[in-house]
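Only one structure is covered here, and it is reproduced in the block below.
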Amino acid sequence: MAGCVFCGIVAGAAAFRVVDSPDGVAFLDVRPVFKGHLLVVPRTHVETLGELPEAALPGYFRLVRRLALAVEAGLGAGGTFVAMNNRVSQSVPHLHTHVVPRTKGDGLRGFFWPRTRYASDEEAGSYADRIAAALKD
1 MAGCVFCGIV AGAAAFRVVD SPDGVAFLDV RPVFKGHLLV VPRTHVETLG ELPEAALPGY
61 FRLVRRLALA VEAGLGAGGT FVAMNNRVSQ SVPHLHTHVV PRTKGDGLRG FFWPRTRYAS
121 DEEAGSYADR IAAALKD
């Protein structure tokens with residue numbers, strides 16, 4: 001869809017990609033809750049989960065699951081926070097799932113948390129590479 005940032009990334013715009021598959025594309029959030037925070041988007045433009053075709057659900061959520069495991073393994077995280085908004089608080093109107101690395105005592109409470117930035121493109125790239133390397137087939 002013209003003007004959609006995530007459709008642009010799916011089409012090849014610059015992003016720190018972790019995976020690009022028929023089921024979706026995953027890339028680092030440019031304003032992560034914690035470093036290694038991923039966004040997973042379906043290849044087709046849909047705004048909400050309710051608009052995602054039923055046939056796409058198994059592959060999309062299989063990809064989200066694989067990425068949650070890869071974030072833990074690749075970053076040594078104690079777990080992950082996996083979430084999605086539908087319209088309200090959805091900063092980009094393209095369905096996306098957040099996969100956020102967690103560690104015990106990381107300070108995350110409820111749904112209000114500060115955002116951070118990567119120190120450099122090299123640091124961001126290293127996070128994307130580590131998670132991609134931990135993907136399990």
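Here the sequence shown stands for residues 1 to 137, numbered as in full-length UniProt numbering.
Glycine included, C-beta positions come from ideal geometry on N, C-alpha and C.
Using the rule of at least 16 other Cβ atoms within 10 Å of the residue's Cβ for burial, across every protein chain shown, is residue i buried or exposed?
i	result
E54	exposed
A83	exposed
E72	buried
D121	exposed
G107	exposed
V64	buried
A133	exposed
G24	buried
A70	buried
Measure the CB-CB distance between residue i and residue j and report whether it falls below 8 angstroms.
i	j	result
A119	L28	no
H96	V10	no
V18	R115	no
F100	H37	Just to set this straight, residue 100 is Val in the shown sequence, not Phe. Going by C-beta atoms, V100 is nearer than 8 angstroms to H37.
A26	L67	yes
H94	C4	yes
Grouping DSSP H, G and I as helix and E and B as strand, with all else coil, what is residue i?
i	result
R130	helix
G59	helix
R102	strand
A119	coil
V25	strand
L52	coil
A83	strand
Rounded to a whole number of angstroms, what is the C-alpha to C-alpha distance between residue i and residue j?
i	j	result
R62	R43	14 angstroms
T103	A77	6 angstroms
V30	R117	7 angstroms
P22	R109	34 angstroms
G105	F81	14 angstroms
Return the bridge partner residues of residue i from the DSSP annotation.
i	result
R17	F27
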